[in-house]
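Data block below; observations after.
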């Protein structure tokens, strides 16, 4: 059953279109990530769901009720902001109790709910602390608890870990996912970090210039990107622009059978799907650099026209004195006019 | 490997301390010479009075006179009343203006800001005559009412409300600027977070904005109170002859009555009231620093 329906939503700011005819349905208990580069409209979309922006056109429906013009204070949503946005003149308990007090709940119930949600986010006993005495991670947990204590139908997270260091981000990411699954709360999560999206989401919406490029489960998105943009945005991808002639894709020193009509095309191959063999032909792809990561190595290759691509190998030592290589994509996709026209295997 | 002490790199602590002291020496000397010393001297001259033997002795006679003289008490009363009314009106008028300027966008907000700051550039004497020309007897308002065959208004000119109108108008820029700077510390996201948990506009104002700008309100009130308590031009030109505010009262006692000792006593009493608000200001600045 869908909890959130976004129908043809558009948002314009004077001459700029931030979100353009966007459609999305989110199911009960689902965690959907809005992923895209800066300026792709993901935060604006989240703010429209939260009621902080009003769509120029289109409708937002929550549990079957049209909330397009409903102010944030009357929506069944809870938002966690990037900057935590804690009220520094209140301690942790008061930050969490504020919303409950506005709902005129009895004092004992407020205390019970606040303590329960503080336990949930691992901050039991922190109620009396001033918010500026907390670390960045603790502040973000308080911000999450402040939203959760009101038991919203939809939890909205606007790049909540952006200001935290990598280690803390990874830990909080797992904690948020655990809490979300335990409470089975429908969640929309804005991020521009693909790792975050791939590790947390049930589905990922890739956005670009206010439009949806693709929506799919993380593994599908990784293996079957529908556009070159998604292919390039999710994970590392070699996007080789070339020409197809007589069923053969080619670009300076590199060719690959490709059974599509003649014309320009983009071949997308993941580094791990690009099989390479040492070669003595220095007129073909040459090895530019070998970077050893221990468990695997990345080989940077250069085509005769200067185009660079990457391949993953297991053992860097086997490649230390190799100058050239032949390339054989094991799995790839071909794109033309921004759409996939051919796919071989399922890792591109 | 030998380590170089940080002091060797950035300079000796003692040298830096001396430079710091030299930098603040001139303003500290000026404050001591032109403010602290006159205060001490004034207090001394009002409690160390000439006696019959031709010498000086300790006496609180001038203070006794001030606090037993009904006219002096009425003057102090009207000064406190004017200051209190002005402070309340300024907060009530300037807070909505500052809130509007903080949250509104666009050209209209820029015009409102220009209008709010404009009184800062108008000298008090011009403002006084402008008020007389507009609100005084046979002023613009009277002429307009007369043209519409309506009765005249009871002019605030030469009543306690005359200085109130002038002082409020005159102090709007400073109050708006102080409140605006306080509101600058209230982030949009903290307001949005409050709305998100269910707070309407009034709840946001009461529970989120006002507590966060309470220091700024205190500073604004302290500044305006300090200015209004010792105001001279506007109360002198627009206010009643009796009772009169402390500024004109001191000037008249000093010049017309040629009684410097009582004039200084009035100044010390005015100073004692002002110092309370001065301490509020210092406390809030210290609180901000420690936060």
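Chains as they are written, first to last, in my numbering: chain A, -9 to 338; chain B, 3 to 293.
A virtual CB, placed ideally from N, CA and C, is assigned to each residue, including glycine.
Predicted, not measured: the structure shown is a model, and the values here were computed from it.
Is residue 337(A) close to chain B? Criterion is C-beta to C-beta, closer than 9 Å. Confidence at residue 337(A) is low in this model, with a pLDDT of 49, below 50, so its placement is unreliable and the value that follows should be read with caution. No, its Cβ sits nowhere closer than 9 Å to a Cβ of chain B.
Buried or exposed: which applies to residue 209(B), given that a residue is buried once 16 or more other Cβ atoms fall within 10 Å of its Cβ? buried
Rounded to the nearest angstrom, what separates residue 107(B) and residue 186(B) at their Cα positions? 14 Å
Q.
Quick check on the burial criterion: 16 or more other C-beta atoms within 10 angstroms. Buried or exposed for residue 274(B)?
A. Exposed, by the Cβ-count rule.
- Query: Using a Cβ-Cβ distance under 9 Å, would residue 191(B) count as near chain A?
  - Reply: Interface with chain A (9 Å Cβ-Cβ cutoff): residue 191(B) is included.
According to DSSP, what are the bridge partners of residue 50(B)? Note: residue 50(B) sits in a beta bridge opposite 60(B).
Task: For residue 228(A): DSSP bridge partner residues - done: For residue 228(A), DSSP records a beta bridge to 259(A).
| field | Distance between beta carbons of residue 223(A) and residue 196(A), contact taken as under 8 Å | value | 6 Å
query = Under a CB-based cut-off of 9 Å, is residue 97(A) close to chain B?
reply = False, the Cβ-Cβ gap to chain B never drops below 9 Å.
From residue 339(A) to residue 143(A), what distance separates their C-alpha atoms? In the structure as shown, chain A starts at -9 and stops at 338, and residue 339(A) therefore has no counterpart that could be examined.
* Asked: Which of the three DSSP states, helix, strand or coil, is assigned to residue 307(A)?
  -> In the three-state reduction of the DSSP assignment, residue 307(A) falls in the helix class, which pools H, G and I.
Given a threshold of 16 other Cβ atoms within 10 Å of its Cβ, counted over all protein chains shown, does residue 37(A) qualify as buried or as exposed?
-> buried
- [ ] Mind reading off the beta-carbon distance from residue 74(A) to residue 156(A)? Whole number of angstroms is fine, and I expect it under 8 Å.
- [x] That belief does not hold up - the Cβ atoms of residue 74(A) and residue 156(A) are roughly 18 Å apart, past 8 Å.
- Query: Taking the Cβ atom as the reference point for each residue, do residue 230(B) and residue 211(B) lie within a distance shorter than 9 Å?
  - Reply: no
Suppose you measure from the CA of residue 258(A) to the CA of residue 22(A); what does that come to, to the nearest Å?
26 Å
*Smallest Cα separation from residue 32(A): which of 233(A), 180(A), 140(A)?*
180(A)
Worksheet item: What is the DSSP secondary structure of residue 338(A), reduced to helix, strand or coil?
Response: Legend: pLDDT at residue 338(A) = 47, less than 50; position of this residue unreliable, no value from coordinates given.
Worksheet item: So, do the segment 302 to 310 of chain A and the segment 248 to 255 of chain A have three or more beta carbon pairs nearer to each other than 8 Å?
Response: no
(message) Less than 8 Å between C-beta atoms, sequence neighbours within five positions excluded: which residues of the same chain meet that for residue 242(A)?
(response) 293, 294, 295, 297
- Query: If residue 124(A) sits next to residue 132(A), beta carbons under 8 Å apart, how far is it from one beta carbon to the other, in whole angstroms?
  - Reply: 7 Å
### Message
Suppose the cutoff is 6 Å on Cβ atoms and the five residues either side in sequence are ignored; what does the same chain contact list for residue 299(A) look like?
### Response
228, 291
Task: Simplified DSSP assignment, three categories, for residue 102(A) - done: helix
Considering only residues of the same chain and omitting the five flanking positions on each side of residue 46(A), which have a CB-CB separation below 8 Å? Counting only Cβ-Cβ distances below 8 Å, and skipping sequence neighbours, we find 0, 1, 2.
Under a CB-based cut-off of 9 Å, is residue 195(B) close to chain A? For residue 195(B), at least one C-beta of chain A is nearer than 9 Å to its own C-beta.
For the beta strand (DSSP E) containing residue 267(A), name the first residue and the last one. 264 to 269
Integer-rounded CB distance, given that residue 264(B) should sit under 8 Å from residue 67(B) | 7 Å
**Message:** Taking CB distances under 9 Å as the criterion, tell me whether residue 6(A) reaches chain B.
**Reply:** no
| said: Could you check whether residue 198(A) and residue 207(A) sit closer than 9 Å to each other, using their CB atoms as the reference points? | reply: no
* To do: Report the option in 200(A), 151(A), 169(A), 182(A) whose CA atom is closest to the CA atom of residue 19(A).
  => 169(A)
Review point. Bridge partners of residue 301(A), per DSSP?
Key: 289(A)
**Request:** Kindly list, in the order they appear in chain A, the residues whose Cβ is closer than 7 Å to that of residue 210(B).
**Result:** 77
From 49(A), 273(A), 84(A), pick the residue whose C-alpha is nearest to that of residue 121(A); which is it?
84(A)
- [ ] Determine contact between the segment 80 to 97 of chain B and the segment 166 to 175 of chain B, defined as no fewer than three beta-carbon pairs at a distance below 8 Å.
- [x] yes
Nearest CA to the CA of residue 157(B): which residue from 177(B), 146(B), 149(B), 134(B)?
-> 134(B)
On the DSSP bridge assignment, give the partners of residue 55(A) in chain order. Paired residues: 52(A).
**Prompt:** Can you pull the DSSP bridge partners for residue 332(A)?
**Reply:** 324(A)
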